[in-house]
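Step one of this worksheet: look at the structure below.
Numbering (my numbering), first residue to last: 1 to 367.
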């Protein structure tokens with residue numbers, strides 16, 4: 001309800017809805033062949049009537065297109081799926097936090113789940129992005145879903161979810177590396193590791209891209225006009241209006257909420273500085289505890305952050321704070337879980353020390 005009251009009344013296209021909503025409508029009508037009246041005007045942008053947003057994967061546009069087919073082409077229709085994803089993400093954050101600490105006892109698992117969910121609820125970046133029709137909240141949701149399913153041992157489902165994350169936004173591609181790192185604990189055979197980490201996600205991505213392949217004239221045309229174009233787009237600077245240069249930020253600046261991106265209508269893609277700093281501070285704790293699930297939970301978001309830092313180093317210096325929503329749900333869950341794990345470990349260590357001291361006093365009295 002609160003999401004509805006905050007976002008339903010926003011008029012017109014907000015931020016990059018200018019591109020994603022028309023692309024979803026065009027995919028619905030021109031690629032999928034569905035007859036849907038243009039009941040809301042296109043934004044004023046060159047070539048928008050045939051624009052398909054080929055510089056990004058297609059999944060989110062399909063989701064928006066389904067909502068548009070059901071409800072008509074309007075701001076409510078293209079924003080509603082994000083509201084649903086945002087609510088589902090809170091539940092998923094609880095489940096993921098619980099799963100990460102399930103082996104440390106029921107009380108610790110419940111507390112980790114609760115803190116993880118609360119951290120996501122108060123995540124200003126994900127909150128802003130889930131309310132409007134942009135790709136990042138969806139990418140963050142499917143990435144967290146893959147993490148949760150992998151932590152709970154559901155390899156096939158996790159692999160499919162990883163493919164959905166890839167098909168939501170290409171910023172999630174680096175998740176392949178920590179996925180391979182952890183799947184090695186579950187699968188001893190290299191071929192099966194590659195199947196779960198690479199082949200199944202790639203098959204999901206390609207299957208979802210099939211309608212665009214057919215529309216563009218085949219796999220070769222799709223590879224050139226979409227996939228290679230996407231790679232080139234991602235390492236090229238300049239994807240910003242001339243009057244918005246002050247909103248450019250850096251991956252390291254996100255830790256201090258430097259230059260939060262203004263989305264319009266009073267919305268900023270702000271970053272929770274405390275959670276980001278705790279993420280960095282608690283990452284070594286996961287390895288000190290030798291907890292493979294927590295290690296994976298730390299490395300999943302780090303892989304995306306590191307890739308964006310690498311993109312910056314390669315020359316694309318027009319990065320924005322709303323990219324944080326691609327990995328902040330995983331950061332929220334890791335921080336919630338690692339905090340509880342550290343407290344549990346500290347408590348266990350204190351108890352052992354007290355027991356040892358007690359035995360020492362008893363031995364002294366006996367002597």
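Ideal Cβ placement from N, Cα and C applies to all residues, glycine included.
| Item | Value |
| --- | --- |
| Buried or exposed (CB count within 10 angstroms, at least 16 for buried), residue 105 | exposed |
| 8 Å Cβ cutoff met for residue 227 and residue 269 | no |
| Close-in-space but distant-in-sequence residues of the same chain around residue 121 (CB under 7 Å, 5 per side omitted) | 90 |
| Residue 38, buried or exposed, once every other Cβ within 10 Å from all chains shown has been counted against 16 | exposed |
| Endpoints, alpha helix (DSSP H) assigned at residue 111 | 106 to 121 |
| C-alpha distance - residue 183 paired with residue 289, whole-angstrom precision | 19 Å |
| Inter-residue spacing [alpha-carbon to alpha-carbon] between residue 263 and residue 34 | 31 Å |
| Residue 387 vs residue 151 beta-carbon contact at 8 Å | Look at the range of the chain in this structure, 1 to 367, and you will see that residue 387 is not part of it. |
| The segment 141 to 148 in contact with the segment 77 to 93 per 3-pair CB rule at 8 Å | yes |
| Residue from 267, 197, 250 whose Cα sits closest to the Cα of residue 259 | 250 |
| Residue 71 versus residue 222 - alpha carbon distance | 30 Å |
| Test item: CB-CB of residue 235 and residue 257 under 8 Å | no |
| Every unbroken beta strand (DSSP E) inside the segment 224 to 304 [3 residues or more] | 261 to 264, 267 to 269 |
| Span separating the alpha-carbon of residue 344 from that of residue 338 | 10 Å |
| Residues bridged to residue 319 [DSSP beta-bridge criterion] | 249 |
| Residue from 308, 348, 335 whose Cα sits closest to the Cα of residue 281 | 335 |
| Environment of residue 224 [buried if 16+ CB atoms lie within 10 Å] | exposed |
| Backbone CA spacing between residue 179 and residue 314 [nearest angstrom] | 24 Å |
| Helix, strand or coil at residue 130 [DSSP, three-state] | helix |
| Straight-line gap, residue 7 to residue 16 (C-alpha atoms, nearest Å) | 15 Å |
| DSSP three-state assignment for residue 39, whether helix, strand or coil | coil |
| Buried/exposed call for residue 44, threshold 16 Cβ in 10 Å | exposed |
| Neighbourhood of residue 291 by C-beta, 7 Å cutoff - its chain only, sequence neighbours within 5 removed | 341 |
| Which of helix, strand or coil DSSP assigns to residue 181 | helix |
| Residues near residue 174 in its chain [Cβ-Cβ closer than 6 Å; skip 5 each side] | 303, 304, 307 |
| Three or more C-beta pairs below 8 Å linking the segment 200 to 219 and the segment 159 to 178 | yes |
| The alpha helix (DSSP H) enclosing residue 76, as first and last residue numbers | 75 to 100 |
| Residue span of the alpha helix (DSSP H) that contains residue 5, given as start and end | 2 to 7 |
| Residue 56 and residue 135 closer than 8 Å at C-beta | yes |
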